[in-house]
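Trainee:
Residue numbers (the numbering used here): 322 to 611.
1) Taking residue 566 as part of the beta strand (DSSP E), name the residues at either end of that continuous run.
2) So, using beta-carbon positions, are residue 342 and residue 355 closer together than 8 Å?
3) What residue range does the alpha helix (DSSP H) around residue 501 cover?
4) Write down the C-beta distance between residue 583 and residue 607 rounded to the nearest angstrom, noting that I regard them as a contact closer than 8 Å.
5) For residue 464, report the span of its beta strand (DSSP E) as first-last.
6) Could you check whether residue 492 and residue 459 sit closer than 8 Å to each other, using their CB atoms as the reference points?
7) DSSP on residue 388, reduced to helix/strand/coil?
8) Identify the residues that DSSP records as bridge partners of residue 405: which are they?
9) Can you check DSSP and say which residues form a bridge with residue 587?
10) Would you call the stretch 529 to 548 and the stretch 562 to 580 in contact, with 3 or more CB pairs under 8 Å?
11) Let me know the secondary structure DSSP gives residue 521 once reduced to three states.
12) Output the distance between the C-alpha atoms of residue 421 and residue 590, rounded to the nearest integer angstrom.
13) How far does the beta strand (DSSP E) with residue 371 in it reach, from first residue to last?
14) If the criterion is Cβ atoms closer than 8 Å, does the pair residue 351 and residue 372 meet it?
15) Assess contact between the stretch 479 to 494 and the stretch 506 to 514, defined as three or more Cβ pairs (one per stretch) separated by less than 8 Å. Is contact present?
16) Determine the contact status of residue 510 and residue 440, defining contact as a CB-CB distance below 8 Å.
17) With H, G and I counted as helix, E and B as strand and the rest as coil, what does DSSP make of residue 556?
18) In the DSSP output, which residue or residues are listed as bridge partners for residue 436?
19) For residue 482, name the three-state secondary structure that DSSP assigns.
20) So which of 361, 403 and 408 has the shortest CA-CA distance to residue 349?
21) Could you give the residue range of the alpha helix (DSSP H) that holds residue 515?
22) Would you mind working out which of 435, 367, 464 and 476 sits nearest residue 457, comparing C-alpha positions?
23) Using only CA atoms, which one of 585, 541, 404 and 577 lies nearest to residue 557?
24) So the alpha helix (DSSP H) residue 536 belongs to, where does it begin and stop?
25) For the beta strand (DSSP E) containing residue 337, list its first residue and its last residue.
26) Quick one: what does DSSP say residue 470 is sitting in, helix, strand or coil?
27) Per DSSP, which one or two residues make a beta bridge with residue 383?
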């Protein structure tokens, strides 16, 4: 079951193909690499008339070429949420717009829960999912990321979303170690959201490898779930991993213990010029029958 983020106003995937995408962030046009865009497209003058062009380097990484004197950052809105956007040295902008379908799912489930919901957001990046959950009425959101810089960015997003008075905790830590400590403390969560990378390092050099560590993390997370969990959401960009893997993991762990429903599939963005869909990773969701 595929999910398409098609309710954006401030973001648009204008075109994609030939290993690149042309996109609009507010009024700013970027041209960036996109490995999934393997098909051909006619790259007319609009592909060259951009505000920023990220070039990949043959030696790894890459660099931005700016044709416009852009501000250090600007903001985009998604419904009632507002986020900081800024081009980084590693191609990203601080926001993954395809994740809007997951924000919508989270907000809808939390708003309609009719009970207090406590949320744990792992590999939280700049906190978009955190702000979605908090704005929907979660009584507490704990977000964990190994990067102090990303956590500071998330705090900026909290202020932009006017959520300073909500209970949000920002933890800079290795996600697995944090979850294991929470289990020892006896802390429980009704919702767990995670967006684990293919490979990463914790603040103290801890190594994360998706294929080796995901099942260990899920097992640890099971120990911090409340007696009536609301949902469990995994997003992933790891190449070569099928969404069926996430389905099977959640089916044999969450659904086997709590009942409920498990779904999985691809997430993507609509491409304006040709009505195609740009695939942007996979998701797995378990949700209760409440």
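Ideal placement from N, C-alpha and C gives every residue a C-beta, glycine not left out. Only a predicted model underlies this, so the values are computations on that prediction, with no experimental measurement involved.
Mentor: Let's see:
1) One-based indexing of the chain shown puts residue 566 at position 245. Careful: residue 566 lies outside any beta strand (DSSP E), inside the alpha helix (DSSP H) at 564 to 571.
2) For the purposes of this step, residue 342 is taken as residue 21 along the chain shown, with counting starting at 1. For the purposes of this step, residue 355 is taken as residue 34 along the chain shown, with counting starting at 1. Taking 8 Å as the Cβ cut-off, residue 342 and residue 355 qualify as a contacting pair.
3) Within the chain shown, numbered from 1, the residue matching residue 501 stands at position 180. 496 to 506 is the span of the alpha helix (DSSP H), which, as asked, contains residue 501.
4) Here residue 583 refers to the residue found at position 262 when the chain shown is read from its first residue. Here residue 607 refers to the residue found at position 286 when the chain shown is read from its first residue. Indeed, because the Cβ distance is near 5 Å, the residues count as touching under 8 Å.
5) Numbered from 1 along the chain shown, position 143 holds the residue referred to as residue 464. Its beta strand (DSSP E) spans residues 461 to 466.
6) To locate residue 459, count along the chain shown from 1; it is residue 138. To locate residue 492, count along the chain shown from 1; it is residue 171. Cβ distance not < 8 Å, so residue 459 and residue 492 don't count as in contact.
7) Numbered from 1 along the chain shown, position 67 holds the residue referred to as residue 388. The answer is coil: DSSP assigns residue 388 none of H, G, I, E or B.
8) Here residue 405 refers to the residue found at position 84 when the chain shown is read from its first residue. Partner(s): 396.
9) As a first step, residue 587 must be located in the chain shown, where it is residue number 266. DSSP lists 603 as partners of residue 587.
10) yes
11) Counting from one through the chain shown, the residue named residue 521 turns up at place 200. Residue 521: strand per DSSP, three-state reduction.
12) The residue given as residue 421 occupies position 100 in the chain shown. The residue given as residue 590 occupies position 269 in the chain shown. One C-alpha to the other measures close to 10 Å.
13) Counting from 1 along the chain shown, the entry for residue 371 is found at position 50. Residue 371 -> no beta strand (DSSP E), and no H or E assigned at all.
14) Start at 1 with the first residue of the chain shown, and residue 351 comes out as number 30. Start at 1 with the first residue of the chain shown, and residue 372 comes out as number 51. Cβ distance < 8 Å, so residue 351 and residue 372 count as in contact.
15) no
16) For the purposes of this step, residue 510 is taken as residue 189 along the chain shown, with counting starting at 1. For the purposes of this step, residue 440 is taken as residue 119 along the chain shown, with counting starting at 1. Yes, these two residues count as a Cβ contact at 8 Å.
17) Sequence index remark: in the chain shown, residue 556 carries index 235 (1-based). Strand, per DSSP.
18) Within the chain shown, residue 436 is the residue found at index 115, counting from 1. DSSP output for residue 436 lists no bridge partner at all.
19) Counted from its first residue, the chain shown places residue 482 at position 161. DSSP places residue 482 in coil when its eight states are reduced to three.
20) As a first step, residue 349 is located in the chain shown; it is residue number 28 there, counting from the start. Taking only the C-alpha atoms, the option nearest residue 349 is 408.
21) Mapped onto the chain shown, residue 515 falls at position 194. Element bounds for residue 515: not the alpha helix (DSSP H) but the beta strand (DSSP E), 512 to 515.
22) Translated into the one-based positions of the chain shown, residue 457 becomes position 136. The shortest C-alpha separation from residue 457 is found at 435.
23) Stepping through the chain shown from its first residue, residue 557 is reached at position 236. Nearest option by C-alpha distance: 585.
24) To locate residue 536, count along the chain shown from 1; it is residue 215. From DSSP, the alpha helix (DSSP H) with residue 536 extends over 531 to 543.
25) Walking along the chain shown from the start, residue 337 turns up at place 16. Residue 337 -> beta strand (DSSP E) spans 332 to 338.
26) On the chain shown, residue 470 is found 149 positions in, with the first residue counted as 1. Three-state DSSP puts residue 470 in a helix.
27) Taking the first residue of the chain shown as position 1, residue 383 is located at position 62. Looking at the DSSP assignment, residue 383 forms a beta bridge with 377.
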